[in-house]
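Residue numbers (the numbering used here): 27 to 336. Shown next, in structure tokens, is the structure this report addresses.
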């Protein structure tokens, strides 16, 4: 009897939140940006979104069927990946590119590393970077029936002036889901109010980026320049919907602040000193790779350990 183990209940806090419910909330939060993207760019945007989402779901389903694994498309994570990828694409790209990106996101970045919870980088952004490297000219061509000419950030980088109100509302060239800061912020409020995310990562990200631009942007505290940098490109979409990904962000609270600082600094470096006017995608991907190291450094010490020796 003395050898019997004493078993007690674990100090876990149970939650009724399931992966499917979380992912559905994210989809719902993305609807304002998705709807405005379709309104802004027309039915071609809707078709590209549809192809990309279906390709992502179908890829996950076929892979799991062929590998005789449980089918997990019911958790809607593939839908979120396909939708985020589509929102990060120019409306002018061929439909097959959207499908190819979705297959890469699900098959290479997600499933080959073990599925949901095992991917080492955000699948949608991993696919976007893959497409950017493979088809640079197509991925940087933002001319369409609705808009001609460069994006506002490209104009700003060349020293030109931009319309801040148009950038805030979304009446500009860009990818399908990044143009309307207003629509993205509406979706971000949904995520914040439902508790899906908090402000640690996006808040630190945005503040760090602004400080970096003030120090190294060459414009000082210029409200117009700073507003354009915030409203332009994929900063807001990345900060609230992709940098906050549960799988690829650090789990420690201190680590999330460090992660946000890294995101802001990398985005500033890419935007101000790189050849491209953007940089959010690469900043998030690199920070995803740094997340394990950040967690290791910021992991709280166990009770009773790490004390100073006397």
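Beta carbons: idealized from backbone N, C-alpha and C, even for Gly.
- Taking each of 61, 285, 290 in turn and checking the Cα distance to residue 324, the smallest one comes out for 285.
- Under the three-state reduction of DSSP, residue 178 is assigned to helix.
- The C-alpha of residue 96 lies about 14 angstroms from the C-alpha of residue 102.
- By a beta-carbon distance limit of 8 angstroms, residue 227 contacts residue 275. Their separation comes to about 6 angstroms.
- In terms of CA proximity to residue 229, 214 leads the group 214, 278, 315, 168.
- If you compare the alpha carbons of 185, 117, 90 with that of residue 67, the shortest gap goes to 117.
- In terms of Cβ geometry, residue 289 and residue 257 do not form a close pair [threshold 8 angstroms].
- Taking the Cβ atoms as the reference, residue 62 lies roughly 5 angstroms from residue 206, within the contact range of under 8 angstroms.
- In the displayed model, residue 205 falls within coil according to three-state DSSP, outside both helix and strand.
- In this chain, the alpha helix (DSSP H) harbouring residue 77 covers 69-92.
- Excluding the 5 residues flanking it on each side, residue 108 has same chain C-beta neighbours closer than 7 angstroms at 78, 79, 81, 82, 83, 128, in chain order.
- In this structure residue 112 is not in contact with residue 178, their Cβ atoms being roughly 21 angstroms apart against a cut-off of 8 angstroms.
- Secondary structure of residue 149 (DSSP, three-state): helix.
- If you draw a 10 Å sphere on the C-beta of residue 159, you find fewer than 16 other C-beta atoms in it, and that means exposed.
- The beta-carbon separation of residue 315 and residue 266, rounded to 21 angstroms, does not stay under the 8 angstroms limit for a contact.
- About 7 angstroms separates the Cβ atoms of residue 49 and residue 105, confirming a contact at the 8 angstroms cut-off.
- For residue 187, there is no enclosing alpha helix (DSSP H), as DSSP marks it with neither H nor E.
- Between the C-alpha atoms of residue 244 and residue 137 there is a straight-line separation of about 44 angstroms.
- Under the three-state reduction of DSSP, residue 301 is assigned to coil, being neither helix nor strand.
- Annotated three-state conformation of residue 276 is coil, per DSSP.
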